[in-house]
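Under this note's numbering, the first residue of the sequence shown is numbered 71, with each subsequent residue one higher. Where a beta carbon is used, it is the ideal one built from N, C-alpha and C, also for glycine. Predicted model only: the values in this text are computed from it and were never measured.
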Amino acid sequence: MRTFTAILFVFAALLGAPNGAHAERIKDLATVAGVRTNQLIGYGLVVGLDGTGDQTSQTPFTIQSISNMLAQFGVPIPASAASNAQLKNVAAVTVTAELPPFTKPGQPIDVTVSSIGNASSLRGGSLLMTPLRGVDGQVYAFAQGSMVVSGFGVQGKDGSKISVNVPSAGRIPNGATVEREVPVKFGGDGHLVFNLHTPDFTTSARIVNAINKMLGAGTADSLDAVSVRVAAPVDPNQRTAYLATLEAIEVDPGDPPARVIINSRTGTVVISSHVRVMAAAVAHGSLSVTITERDQVSQPNPFTQVQSATVTPRSTINVKEGDARMFVFQAGVNLDEIVRAVNQVGAAPGDLVAILEALQQAGALRAQLIVI
Numbered sequence: 071m072r073t074f075t076a077i078l079f080v081f082a083a084l085l086g087a088p089n090g091a092h093a094e095r096i097k098d099l100a101t102v103a104g105v106r107t108n109q110l111i112g113y114g115l116v117v118g119l120d121g122t123g124d125q126t127s128q129t130p131f132t133i134q135s136i137s138n139m140l141a142q143f144g145v146p147i148p149a150s151a152a153s154n155a156q157l158k159n160v161a162a163v164t165v166t167a168e169l170p171p172f173t174k175p176g177q178p179i180d181v182t183v184s185s186i187g188n189a190s191s192l193r194g195g196s197l198l199m200t201p202l203r204g205v206d207g208q209v210y211a212f213a214q215g216s217m218v219v220s221g222f223g224v225q226g227k228d229g230s231k232i233s234v235n236v237p238s239a240g241r242i243p244n245g246a247t248v249e250r251e252v253p254v255k256f257g258g259d260g261h262l263v264f265n266l267h268t269p270d271f272t273t274s275a276r277i278v279n280a281i282n283k284m285l286g287a288g289t290a291d292s293l294d295a296v297s298v299r300v301a302a303p304v305d306p307n308q309r310t311a312y313l314a315t316l317e318a319i320e321v322d323p324g325d326p327p328a329r330v331i332i333n334s335r336t337g338t339v340v341i342s343s344h345v346r347v348m349a350a351a352v353a354h355g356s357l358s359v360t361i362t363e364r365d366q367v368s369q370p371n372p373f374t375q376v377q378s379a380t381v382t383p384r385s386t387i388n389v390k391e392g393d394a395r396m397f398v399f400q401a402g403v404n405l406d407e408i409v410r411a412v413n414q415v416g417a418a419p420g421d422l423v424a425i426l427e428a429l430q431q432a433g434a435l436r437a438q439l440i441v442i
């Protein structure tokens, strides 16, 4: 029987506290269009491992990579020798990084290194120089350095092993040097566009009102629930100071929609403060089935020809149905009353999920039910 291991009620507003929204900076609600990070990826080799690298018989690309690298250094390896090589101290890896906006050549960025073969651990290894490419195929950075691996694993000769965290991945702080700048469209236009992190018409309208109140009517206008366009100076120097002023403006964001989020794997239930339930009566009982397996051993009769004991499996099945308790939701009850009613009947996490789903099907739950 599937059980939920944890339940957590997270309230969008503290129960008993005032319902007034608190102001937030535009910097925390939105980002400037065109100012974004870029993903980089590369393929490389980690060397210096203590026998925990790739098993080259199953990862031929590791041998091929070593052969190509040595050939570039003037050390060609015959194909027959390469096919029989055992390089337990080398692992083929992918290297990923995020290139922040406005990063200039020569600045360092962090990289993440992950094994793509069957290396058991990258602990103690060093990444050889690896070019990092963008989606356009251009090289934007080079990565190299000693890895920091938080996980580790050990294995015995009998095949038993233990692993803590993930030893097949690690990071290199400041492990890559930027070689090419990503062009960012920041100047040359008479407008700036803010894109909200969470689409909301109310928040978009309030940002426009706050900007126009401070800088004058007509300075900002709302394009949709996500984008707010603001008139801005063309000169980059003035635009930087202007943007700093805009980001510091405080706005009361719109209230989030009524939602109930259920994590089916962990049993976590998140209910926002605007969830309402219409009048409904709920009765819910639980059925518990327990199956016990045991073996009954019968010793052989000394006067028979049977010399071994007889093992007969025995199964015991118990079915227990809990008492169905009925409770009533009055029309328009709030989050506090919902939680109190469910707790009074002693509903388990799985029971709560079933009750919420049934209320939605009955049309009594005034919220969007999302299962993740």
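Three-state secondary structure assigned by DSSP to residue i
i, result
"I361", "Only weak support is given to the placement of I361: the predicted model assigns it a pLDDT of 49, under 50, and the question is left unresolved by the model."
"Q333", "The sequence as given places Asn at residue 333; Gln does not occur at that position. In this structure, N333 counts as coil in the three-state DSSP scheme."
"N159", "coil"
"T164", "strand"
"F74", "Only weak support is given to the placement of F74: the predicted model assigns it a pLDDT of 32, under 50, and the question is left unresolved by the model."
"I147", "coil"
"P175", "coil"
"R13", "The structure shown does not extend to residue 13, since the chain is modelled only from 71 through 442, so no value can be given for it."
"N311", "Here residue 311 turns out to be Ala, not Asn, going by the sequence shown. DSSP places A311 in helix when its eight states are reduced to three."
"S274", "helix"
"V389", "Per-residue confidence for V389 stands at a pLDDT of 49, beneath the threshold of 50, marking its modelled position as unreliable; the derived number appears in the next sentence. Here V389 sits in strand by DSSP."
"N89", "At N89, the pLDDT of 47 sits below 50, so the modelled position is not reliable and the matter cannot be decided from this model."
"I425", "helix"
"I341", "strand"
"S238", "coil"
"T132", "helix"
"Q438", "strand"
"Q208", "coil"
"N279", "helix"
"A301", "strand"
"N188", "coil"
"K249", "Checking the sequence, you will find Glu at residue 249 rather than Lys. E249 falls in the coil class under three-state DSSP."
"A141", "helix"
"P306", "helix"
"M217", "coil"
"S196", "strand"
"Q125", "coil"
Beta-carbon proximity of residue i to residue j, cut-off 8 angstroms
i, j, result
"P170", "V254", "no"
"L266", "L99", "yes"
"G260", "A311", "no"
"L197", "G215", "yes"
"T164", "I147", "no"
"P130", "S190", "no"
"I96", "I319", "yes"
"V145", "F264", "no"
"V252", "N108", "yes"
"T166", "L119", "no"
"Q128", "N188", "yes"
Cβ distance (whole Å) where residue i is taken to contact residue j below 8 angstroms
i, j, result
"A295", "I281", "That belief does not hold up - the Cβ atoms of A295 and I281 are roughly 17 angstroms apart, past 8 angstroms."
"L202", "G240", "With a Cβ gap of about 16 angstroms, L202 and G240 do not count as contacting."
"E94", "P327", "No, E94 and P327 are not in contact; Cβ-Cβ is about 18 angstroms, not under 8 angstroms."
"A437", "R299", "Their Cβ separation, rounded to whole angstroms, is 33 angstroms, which puts A437 and R299 out of contact at 8 angstroms."
"I136", "V160", "6 angstroms"
"V423", "V339", "7 angstroms"
"T200", "G112", "4 angstroms"
"E249", "V209", "7 angstroms"
"N307", "I442", "Rounded, the Cβ-Cβ distance is 46 angstroms, inconsistent with contact."
Residue of the options minimising C-alpha distance to residue i
i, options, result
"E168", "A211, S191, M199", "A211"
"I331", "F264, L426, I136, D270", "L426"
"K283", "L435, V423, L316", "L316"
"F104", "T336, L262, G176", "First, the amino acid is wrong: residue 104 is Gly here, not Phe. Comparing Cα-Cα distances from G104 to each of T336, L262, G176, the minimum goes to L262."
"G195", "V219, N108, T173", "V219"
"A434", "D305, Q128, A349", "A349"
"S342", "D270, A287, I440", "I440"
"A213", "D206, V205, I242", "I242"
"S292", "P306, R276, D305", "R276"
"T173", "A246, T268, Q142, S274", "A246"
"H344", "D325, G288, P306", "D325"
"V347", "T273, A432, L313, S274", "A432"
"V321", "L140, V304, G114, T272", "T272"
"S297", "L313, V304, R309, S274", "S274"
"N244", "M217, T268, L313", "M217"
> When the Cβ atoms of the segment 171-182 are set against those of the segment 113-125, are three or more pairs found closer than 8 angstroms?
Replying inline: Not touching, per the Cβ criterion.
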